[in-house]
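S.K.: The structure follows.
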Amino acid sequence: MATVCVYAASSQLIAPAYLRLAELVGTELARRGHQVVSGGGSVSMMGAVTRAARAGGARTVGVIPRQLFGREFPDLDSAELVEVTSLRERKAEMERRADAFLALPGGIGTLDELIEAWTSGYLGVHAKPVVVLDPDGFYAPLWHWLRSLGERGFVRPEAWRTLILASSVPAALDAVERALS
38 MATVCVYAAS
48 SQLIAPAYLR
58 LAELVGTELA
68 RRGHQVVSGG
78 GSVSMMGAVT
88 RAARAGGART
98 VGVIPRQLFG
108 REFPDLDSAE
118 LVEVTSLRER
128 KAEMERRADA
138 FLALPGGIGT
148 LDELIEAWTS
158 GYLGVHAKPV
168 VVLDPDGFYA
178 PLWHWLRSLG
188 ERGFVRPEAW
198 RTLILASSVP
208 AALDAVERAL
218 S
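Oh and the sequence shown: position 52 is 89 in our numbering, straight run, nothing missing.
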């Protein structure tokens, strides 16, 4: 059993298909016997992942800064809800508790978490897998831009070897499990 840190949207203005994707992720994490650590909010994709994981019997841990209580609404049903003082402390605590990272579609907060986890892995700060679930090309513009940075010498080819891209929930979780075995 692994603890998978899931990065996902907390915006309440997203398409229902992304909420269903988050639910599928939570359900599959639980089915495979994994624990979930998340940003500790109960809304949007973040909340959908943890509710579905708990419904399947998984233990969930939320890490949330006090300043976001009114925006992300703390997930009071988590087995453990860790209150921190800043976003930096949140990311550090989530990283500390995680065996692997799984990024779903999301906004700038999700991008911030994903880029930091990826960069930290590439720089050797951690050796945990970083997997991006992108079933519909959501991240394609980002990958295009980052590859263009590589062509200009700003992103080394080795960095891409530390990031795992997956287009389905089973493929993403298979990648996590392979990387941890």
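Glycine is no exception: its CB is placed at the ideal position from the N, C-alpha and C atoms. No experiment lies behind these values; they were computed from the predicted model shown.
Pairing CB atoms from the segment 164–175 with CB atoms from the segment 126–142, are three or more of them under 8 Å?
M.R.: Segments in contact, yes.
S.K.: On the premise that Thr87 lies in contact with Val73, defined as a C-beta separation below 8 Å, what is that separation, rounded to the nearest angstrom?
M.R.: The sequence position of residue 73 within the sequence shown is 36, counting from 1. The sequence position of residue 87 within the sequence shown is 50, counting from 1. Their Cβ separation, rounded to whole angstroms, is 6 Å, which keeps Val73 and Thr87 in contact under 8 Å.
S.K.: Please name the residue, chosen from Leu210, Ile152, Ala216, that lies closest to Ala67 on a Cα-to-Cα basis.
M.R.: As a working note, residue 67 is residue 30 in the sequence shown. That would be Leu210, whose Cα lies nearest to the Cα of Ala67.
S.K.: By how many angstroms is the C-alpha of Asp136 removed from the C-alpha of Pro166?
M.R.: Against the sequence shown, residue 166 aligns to sequence position 129. Against the sequence shown, residue 136 aligns to sequence position 99. Cα to Cα, Pro166 sits roughly 8 Å from Asp136.
S.K.: DSSP three-state label for Gln49, please.
M.R.: Working through the sequence shown from its first residue, we reach residue 49 at position 12. Coil.
S.K.: By the DSSP assignment, the beta strand (DSSP E) with Ser99 in it spans what residues?
M.R.: Locating residue 99 in the sequence shown gives position 62, counting from the first residue. Per the sequence presented here, residue 99 reads as Gly, with Ser not at that position. Segment 97–102, the beta strand (DSSP E) holding Gly99.
S.K.: Alpha carbon to alpha carbon, how far is Arg91 from Ser115? Give it in angstroms, no decimals.
M.R.: Reading the sequence shown from its first residue, position 78 is the one you call residue 115. Reading the sequence shown from its first residue, position 54 is the one you call residue 91. Distance between the alpha carbons of Ser115 and Arg91: 8 Å.
S.K.: Just to confirm before moving on: does the CB-CB distance between Val213 and Ala46 stay below 8 Å?
M.R.: Locating residue 213 in the sequence shown gives position 176, counting from the first residue. Locating residue 46 in the sequence shown gives position 9, counting from the first residue. Cβ atoms of Val213 and Ala46: not closer than 8 Å.
S.K.: Just the Cα atoms here: how many angstroms apart are Ala85 and Arg57?
M.R.: Locating residue 85 in the sequence shown gives position 48, where the first residue counts as 1. Locating residue 57 in the sequence shown gives position 20, where the first residue counts as 1. So the alpha carbons of these two residues sit roughly 8 Å apart.
S.K.: Indicate the three-state DSSP secondary structure (helix, strand or coil) for Ala212 in the structure shown.
M.R.: Working through the sequence shown from its first residue, we reach residue 212 at position 175. Three-state result, Ala212: helix.
S.K.: Given Arg103, which residues of its chain have a CB within under 6 Å of its CB, disregarding the five upstream and five downstream residues?
M.R.: Mapped onto the sequence shown, residue 103 falls at position 66. Here the set comprises Glu120.
S.K.: Compare the beta carbon distance of Phe110 and Ser79 with 8 Å and say whether it is the shorter of the two.
M.R.: Translated into the one-based positions of the sequence shown, residue 110 becomes position 73. Translated into the one-based positions of the sequence shown, residue 79 becomes position 42. Yes, the Cβ-Cβ distance between Phe110 and Ser79 is below 8 Å.
S.K.: Report the option in Met131, Pro194, Val41 whose CA atom is closest to the CA atom of Ala95.
M.R.: In the sequence shown, the residue the question calls residue 95 occupies position 58. Closest by alpha carbon: Val41.
S.K.: Which of the three DSSP states is assigned to Pro111 in this structure?
M.R.: Locating residue 111 in the sequence shown gives position 74, counting from the first residue. Strand.
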